[in-house]
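J.: Can you read through this structure? Questions will come right after.
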Amino acid sequence: MKSRDSMFLSLAALSALSVCIPGSVYAQQDWKAVLGGQSKDMGRLAIAFLPNELWIHEGDNITWTSGSGEIHTVSFLIAGQAYTNFMVGCPGYSPSGTSFDGSKCVSTPPLVTGQSFTVNFPKPGNYSLVCLVHPHMTGVIHVLAASATLPHDQAFYDEQGAEQRKSLLTDTDNHRDMDDMLSAHVLANKNGVTAGVGEMNVTGAGFESLSVVRFLKGTIEIRKGETIEWTNLDPALPHTITFGKEPANPIPPSGNVPITLDADGVLHATISSQGDNVHSGFIVAASENQVGVPQSPPGNTRFRITFTEAGTYNYICALHDNLGMVGKVIVRSY
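Structure below.
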């Protein structure tokens, strides 16, 4: 009888102990997610956190691994902080394994294929996730108390991330929409080149997008004296039209020949030799207007060049030539 009583007392003590276990004693879990995605030929990009919404416990880690040659950051800004430039971080960059609890910003440097970054979340809360390279690329991390029941496991997030990636890269509706846009543009301008095209998508946690990083009709033949117009049809991703030397700073227009402004607000250069350097700067739609923020000026989504001498002129997008975004202008004398 004594041994049985001792056994009951021991069980009762263990039960009481389990009720009193603080959250910090619960086993830490390491979660995995993917940062961006791309097609095999690198021509189509999933600009997204995959997935972009996770529920975890306080004390857990999340490791993001880049799946794209396009640069991305994993960034957590504090409440009320203004969006920052990816070249300066939030400001500065954080070491992998750093903690975020909402009191101090955390950001990776730009990451590319295969690079990983881990963040620890020691405090419950709902935290906004953003890429400093792509302002529309957002997500949410829900950090719950250690004793809370989580709605999903790692297998769910793996499957969801893979499905979101596939949906962005192979969406058949998206193909039809792009074909329609491209056909309309080509009919409107026989000397027109489409400099990228894309489409936005939204989930319960924020925005993501598909971008085609190619010059469509990128190899084009014209006569001496004619003008080509490039148009960016991607709602979020900037591109450049770059002949010759790449500038150190790709954002503003530059080159060794004058770049003027046409009456309709489009930048216009003239190339007369294969030694000319012409760089459009970023061509991209204006930022979305927001309540309480001054209205944005018209976006710079087009760029024109007149070619006055025959020859073959190679050009690139200075941001995405590593992914195959290159083109060629063949100028005939007749």
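Going letter by letter, the sequence shown gives residues -27 to -1, 1 to 307 in mature numbering (1 follows the signal peptide of the UniProt record, and there is no 0). All C-beta atoms, glycine included, are put in the ideal place defined by N, C-alpha and C.
#1: May I ask which residues mark the beginning and end of the alpha helix (DSSP H) holding Thr143?
#2: Does DSSP put Ser295 in a helix, a strand or coil?
#3: Drop a sphere of 10 angstroms on the beta-carbon of Pro24, count the other beta-carbons inside from all chains shown, and report buried for 16 or more, exposed for fewer.
#4: Report all residues from its chain with a CB closer than 8 Å to the CB of Ala118; omit the five preceding and five following residues, and keep chain order.
#5: Drop a sphere of 10 angstroms on the beta-carbon of residue 310, count the other beta-carbons inside from all chains shown, and report buried for 16 or more, exposed for fewer.
#6: Going along the chain, which unbroken runs of the beta strand (DSSP E) with 3 or more residues stay wholly within the region 27 to 88?
#7: What do you reckon, are the CB atoms on Ala19 and Leu142 nearer than 8 Å?
#8: Quick one: what's got a C-beta closer than 7 Å to Arg17's C-beta in the same chain, skipping five residues either side?
#9: Given Ala259, which residues of its chain have a CB within under 7 Å of its CB, disregarding the five upstream and five downstream residues?
#10: As a quick exercise: from Ile244, Asp126, Gly177, Arg277, pick the residue whose alpha carbon is nearest that of Met110.
#11: So, are the CB atoms of Gly179 and Gly254 less than 8 Å apart?
#12: Starting from Gln11, follow its DSSP beta bridges and name the residues at the other end.
#13: Determine contact between the region 88 to 107 and the region 56 to 76, defined as no fewer than three beta-carbon pairs at a distance below 8 Å.
#14: In this structure, how does DSSP classify Ile214 when only helix, strand and coil are distinguished?
#15: Is the region 290 to 306 touching the region 212 to 222 in the sense that three or more CB pairs, one from each, lie closer than 8 Å?
#16: From what residue to what residue does the beta strand (DSSP E) around Ile285 run?
#17: Is the separation between the beta-carbon of Val230 and that of Val264 shorter than 8 Å?
#18: How about Leu194 and Arg305: do their beta carbons lie closer than 8 Å?
#19: Buried or exposed: Tyr130, going by 16 or more other Cβ atoms within 10 Å of its Cβ?
#20: What are the uninterrupted segments assigned as beta strand (DSSP E) that are 3 or more residues long and contained completely in the region 196 to 268, given in chain order?
#21: By DSSP, does residue 308 sit in helix, in strand, or in coil?
#22: Would Thr274 be called buried (16 or more neighbouring beta carbons within 10 Å of its own) or exposed?
#23: Give me the Cα-Cα distance between Ala291 and Thr122, rounded to the nearest whole angstrom.
#24: Please report the straight-line C-alpha distance between Pro82 and Val92, rounded to a whole angstrom.
#25: Would you say Ala168 and Thr204 are within 8 Å of each other, going by their C-beta atoms?
#26: Trp37 to Asn58, Cα distance in whole Å?
#27: For the beta strand (DSSP E) holding Gly171, just list the boundary residues, first then last.
#28: Between Asp207 and Val170, is the Cβ-Cβ spacing less than 8 Å?
#29: Terminal residues of the continuous beta strand (DSSP E) containing Asn99?
#30: Let me check one thing: in DSSP terms, what residues is Val302 bridge-paired to?
#31: Could you tell me which residues DSSP puts in a beta bridge with Ala6?
#32: CA-CA distance, Arg277 and Thr200?
#33: Measure the alpha-carbon distance for Gln2 versus Thr86 and round it to whole angstroms.
T.: Result, derived from the coordinates:
#1: 127 to 143
#2: One detail in the question is off: residue 295 reads as Asn in this sequence, not Ser. The answer is helix: DSSP assigns Asn295 an H, G or I state.
#3: buried
#4: Gly(-5), His30, Glu31, Pro97
#5: Outside the modelled stretch of the chain, which goes from -27 to 307, sits residue 310, for which no answer is possible.
#6: 33 to 39
#7: yes
#8: Gln11, Leu142, Leu183, Val185
#9: Ser269, Pro270, Pro271, Gly272
#10: Gly177
#11: no
#12: Leu18
#13: yes
#14: coil
#15: yes
#16: It should be noted that the sequence gives Thr, not Ile, for residue 285. Per DSSP, Thr285 belongs to the beta strand (DSSP E) from 284 to 289.
#17: no
#18: It is Glu, not Leu, that sits at residue 194 in the sequence shown. Against a cut-off of 8 Å, the Cβ pair of Arg305 and Glu194 comes out as a contact.
#19: buried
#20: 200 to 206, 232 to 234, 240 to 244
#21: Residue 308 lies beyond the residue range present for the chain, which begins at -27 and ends at 307; the question has no answer from this structure.
#22: buried
#23: 47 Å
#24: 13 Å
#25: yes
#26: 20 Å
#27: 165 to 176
#28: yes
#29: 98 to 103
#30: Ile193, Tyr286
#31: Trp37
#32: 7 Å
#33: 24 Å
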